[in-house]
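Below is one structure, written out as structure tokens; comments come after it.
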Amino acid sequence: MSALKPVTMTEQLRQLRSGETTAEAMMTRAIRRAGDLGHLNAFLTVEPDLALQQARAVDRARTEGAQMPILAGLPIGVKDNIDVEGWVTSGATPALAQLRAKATAPVLQKLLQSQAVLLGKTNLHELAFGVTNTNFTPIPAVRNPHDPARISGGSSGGTAAAIAAGIVSAGLGTDTSGSVRIPAALCGIAGLRPSVGAGGTERRYSSQGVLPISHTNDTPGPMAVSVEDLALLDAVITGTDPVTAKSLKGVRLGVPDCFWIDLDPDVERVCRELCGKLAKAGAELVSVSLPRLRDVWRQVSAPVVLHEPREDIPVWLAANGRSDISIMDIFRQIVNPDVRAAFEVVTSESSDKNYRDAIQNYRPELCRIYDGAFQKNGLAALIFPTVPIPATYIDIESAFGKVKINGEDREIFDTLVRNTDPGANAGLPGLSIPVGWTQSGLPVGIEIDGPVGSDRDVLGIGVSIEREISNQV
121 MSALKPVTMT
131 EQLRQLRSGE
141 TTAEAMMTRA
151 IRRAGDLGHL
161 NAFLTVEPDL
171 ALQQARAVDR
181 ARTEGAQMPI
191 LAGLPIGVKD
201 NIDVEGWVTS
211 GATPALAQLR
221 AKATAPVLQK
231 LLQSQAVLLG
241 KTNLHELAFG
251 VTNTNFTPIP
261 AVRNPHDPAR
271 ISGGSSGGTA
281 AAIAAGIVSA
291 GLGTDTSGSV
301 RIPAALCGIA
311 GLRPSVGAGG
321 TERRYSSQGV
331 LPISHTNDTP
341 GPMAVSVEDL
351 ALLDAVITGT
361 DPVTAKSLKG
371 VRLGVPDCFW
381 IDLDPDVERV
391 CRELCGKLAK
401 AGAELVSVSL
411 PRLRDVWRQV
421 SAPVVLHEPR
431 EDIPVWLAAN
441 GRSDISIMDI
451 FRQIVNPDVR
461 AAFEVVTSES
471 SDKNYRDAIQ
481 NYRPELCRIY
491 DGAFQKNGLA
501 ALIFPTVPIP
511 ATYIDIESAF
521 GKVKINGEDR
531 EIFDTLVRNT
541 DPGANAGLPG
551 LSIPVGWTQS
561 GLPVGIEIDG
571 PVGSDRDVLG
581 IGVSIEREIS
591 NQV
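Note that the numbering used here has the sequence shown beginning at 121, numbered continuously upward.
Next comes the structure, spelled out in structure tokens:
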């Protein structure tokens, strides 16, 4: 087990409300810790003077007896593909290094209206187009706080590392294929991908003000030390009451066979042990087959994310008053070889037919596969390892390096998204929960995916699972 034990957001808020500490003192500590742990490369931008100024304003208001919002004084970090008015939104790519946002993304605005205080913008895989956060000069790779020689996961690796290292206790990432849940699992924190569904009213959080990859799949998502923290962040973002624990007795959790194969032995051991504990707590674990899921998912995933940036990025650029930057300008300056290879397809016309087939035929079929599994088996959620492996060593040669699972070589990208991406392409809510440790002290995460719109149930189950884990420690 790692020596890192970050303080939860819930505990920090209690300390602020009780007067045990001040917002200024808490922010001063966050700034100092960000500097001391600079080698993790969790942040791309830190604004200490502004953060301290805002923290002092919170303290003055509290001293004067003002009614304080729920997050008042809490330091947070935000992924640098989420717009903050007047701040650079770099996307960790050279072409956007001077782009200053015209407005703050609504999802972040909700947290700021609750008087959370922004410490800085966190690092990400270039353009959020990868899941390792293995970047190249001038943007450094994010390092895992539990072992700096290993990846943080991505693309929201900076936010995950900042939380796991105890710099901040909460923040925002974005998730297209697993970019909140993968780094959450590899860094040992909690991360939520909210429902996206078919968009419109099925979308839980607005994606406005987020540098896009795919309007079909993109969503912001909260990240924090605990699921209880996530439930509170979700309540602030959605304007609802916080979710409470949902009894596990009689809750039917599907165990999908195709998500439990070809796993690292330590990951499988930890996750199966948890399932045994959940069964003892009264949950019903149901074996589930998802026929054709892998084949159908592959007909959706790449065609969507390799087509939609061509349409979506120019819209975001125009909203920020930077129509002078073209997608070709961005492409020509991309540093990461894996991202450059992907954008060679993005900027071509070759993906059009596959994209139409994906949206019109295969995505609806994927949704039917999931809907059928939930309904036929009476499931509240599916449960499976978030990522099949623990954090691997940073591969500075190429972010598309190889990893070994049970002696077999596997592509790192395909391995990391294998369990997170199918549900994302069906618009499901997904929650990664830190569940335990490998024998070498690396975190393991387990995920629960629910039907579209079941976010509160997913969080309620997650809070109960988290408490069950705590009871076993």
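Every residue gets a Cβ at the ideal spot worked out from N, C-alpha and C, and that includes glycine.
Counting only unbroken stretches of 4 or more residues, the alpha helix (DSSP H) elements lying wholly within the segment 246-305 are 277-284, in sequence order. The continuous beta strand (DSSP E) containing D569 extends over residues 563-569. DSSP places W436 in the uninterrupted alpha helix (DSSP H) bounded by 429-439.
Counting only the Cα atoms, T254 lies some 16 Å from A304.
Contact between the segment 582-589 and the segment 326-342 is absent: fewer than three C-beta pairs spanning the two stretches fall below 8 Å.
Remark: fewer than three beta-carbon pairs, one from each stretch, lie closer than 8 Å, so the segment 158-175 and the segment 223-230 are not flagged as touching.
Residue environment: T506 is assigned as buried (16 or more neighbouring CB atoms within 10 Å of its CB, all protein chains considered). Here I381 is exposed. Its C-beta has fewer than 16 other C-beta atoms within 10 Å. Contact check for P434 against L410 fails: the beta carbons are separated by 7 Å or more. C-alpha of Q132 to C-alpha of A154: approximately 17 Å in a straight line. Around the C-beta of N481, fewer than 16 other C-beta atoms lie within 10 Å, and the residue is accordingly described as exposed. By the Cβ criterion, the segment 287-294 is not in contact with the segment 450-457, since fewer than three pairs of Cβ atoms, one from each stretch, lie closer than 8 Å. Per DSSP, G158 has no beta-bridge partner at all.
Every alpha helix (DSSP H) stretch that sits fully inside the segment 122-200 and reaches 4 residues is listed by chain position as 129-138, 143-156, 168-183.
An exposed status is given to Q187, since fewer than 16 other beta-carbon atoms sit within 10 Å of its beta-carbon.
A direct Cα-to-Cα measurement between A221 and Q229 gives close to 13 Å. Pairing V537 with V251 gives a Cβ-Cβ distance under 7 Å. Taking the CA atoms as reference points, M343 sits about 7 Å from I309. Each of P423, E322, E428, L353 was checked against the Cα of L579, and the nearest Cα belongs to L353. Contact between T279 and G197 holds, since their C-beta atoms are separated by about 5 Å, short of 8 Å. In chain order, T467 place their CB closer than 8 Å to the CB of M448, counting only its own chain and leaving out the 5 sequence neighbours on each side. Residue environment analysis places G320 among the exposed positions, since fewer than 16 neighbouring C-beta atoms fall within 10 angstroms of its C-beta. The segment 462-541 contains, as complete beta strand (DSSP E) runs of 3+ residues, the segments 501-505, 522-525, 528-531 (chain order). Distance from the CA of R576 to the CA of G341, rounded to the nearest whole angstrom, comes to 14 Å. Contact check between the segment 471-479 and the segment 354-369: fewer than three CB pairs, one atom from each, fall below 8 Å, which does not count as touching. For W417, the enclosing alpha helix (DSSP H) has its first and last residue at 413-425. When DSSP states are grouped into helix, strand and coil, K241 belongs to the strand group. Bridge pairing for I309: absent [DSSP].
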